[in-house]
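I have placed the structure first, in the form of structure tokens, so that the comments after it can refer back to it.
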Amino acid sequence: MTASPGDGAELVRAIFAGAVEAGLRAESVRGASDAEIDAMAADQRARAVPAAAREVLRLIGTTHGLWLPGSSLGVDAVRGEAKNHAAATANAQNAELSDVDGALVLAAHGGYTYHVVDGADADQDDPQVWLLTEDEPARVAWPSVSAWFKAITPDVERYRERLEVMRETGSDFLPPWAQDIVVGG
15 MTASPGDGAE
25 LVRAIFAGAV
35 EAGLRAESVR
45 GASDAEIDAM
55 AADQRARAVP
65 AAAREVLRLI
75 GTTHGLWLPG
85 SSLGVDAVRG
95 EAKNHAAATA
105 NAQNAELSDV
115 DGALVLAAHG
125 GYTYHVVDGA
135 DADQDDPQVW
145 LLTEDEPARV
155 AWPSVSAWFK
165 AITPDVERYR
175 ERLEVMRETG
185 SDFLPPWAQD
195 IVVGG
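If you're matching positions, the sequence shown starts at 15 in the working numbering and goes up one per residue.
Below, the structure written as structure tokens:
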């Protein structure tokens, strides 16, 4: 995803709108306030919150629904402890992040994988996102926060197809995520 300077938040909103248009129920997620976002960043000792990351959190920062199910994502889930673990992982690997101490952790999974904005890039509108995983080399996995958000956006069509098959086969059980998807018209 290519972006012009200053349009990271707009790209994030467009990605979210696309998911809703595809059939994700907008009410299945809940965003965070700027005060909640700032408190999360302060708890992480992050240098700043990039505009694109702030917009992600404004949209899904309190309840993230089908975005990275099973992972920690949002203002209450990714706090100082996650940052400490991510920093320890980066330092143990001698990761090439320029400012680990000022980094912002966007998501954590299982206490061993982290999606991170380098503190040196945190003042950018839509900076690259690093993938830190224990016992694997750290790397830039996404060229921007908006590309990261697009990559983690649920495949609503796939969810809808699964639901339609379940309903067509008369399944009595619908998974909890079924309430987050609009099926049919």
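All C-beta atoms in this analysis are idealised placements derived from N, C-alpha and C, irrespective of residue type, glycine included.
Rounded Cβ spacing between residue i and residue j (contact assumed at less than 8 Å)
i: G37; j: V179; result: Not confirmed; about 15 Å, so no contact.
i: G22; j: D139; result: 4 Å
i: G124; j: A60; result: Incorrect: roughly 22 Å between the Cβ atoms, too far for contact.
i: T147; j: T167; result: Incorrect: roughly 21 Å between the Cβ atoms, too far for contact.
Assigned exposure category for residue i - 16 Cβ within 10 Å defines buried
i: S42; result: buried
i: R93; result: buried
i: V154; result: exposed
i: L120; result: buried
i: G79; result: buried
i: R72; result: buried
i: V197; result: exposed
i: P189; result: exposed
Minimum C-alpha distance to residue i - residue among the options
i: K97; options: A134, H129, P83, P151; result: H129
i: D194; options: R27, V34, D48; result: V34
i: A100; options: L71, G133, P157; result: G133
i: G45; options: A106, A56, P83, G75; result: G75
Length at least 3, wholly inside the stretch 104-190: the beta strand (DSSP E) runs in chain order:
118-123, 127-131, 143-147, 153-156
Which ranges would you report for the alpha helix (DSSP H) in the stretch 19-60 if only whole runs of at least 4 residues count?
22-36, 48-58
Three or more C-beta pairs under 8 Å: does that hold for the stretch 100-110 against the stretch 61-72?
no
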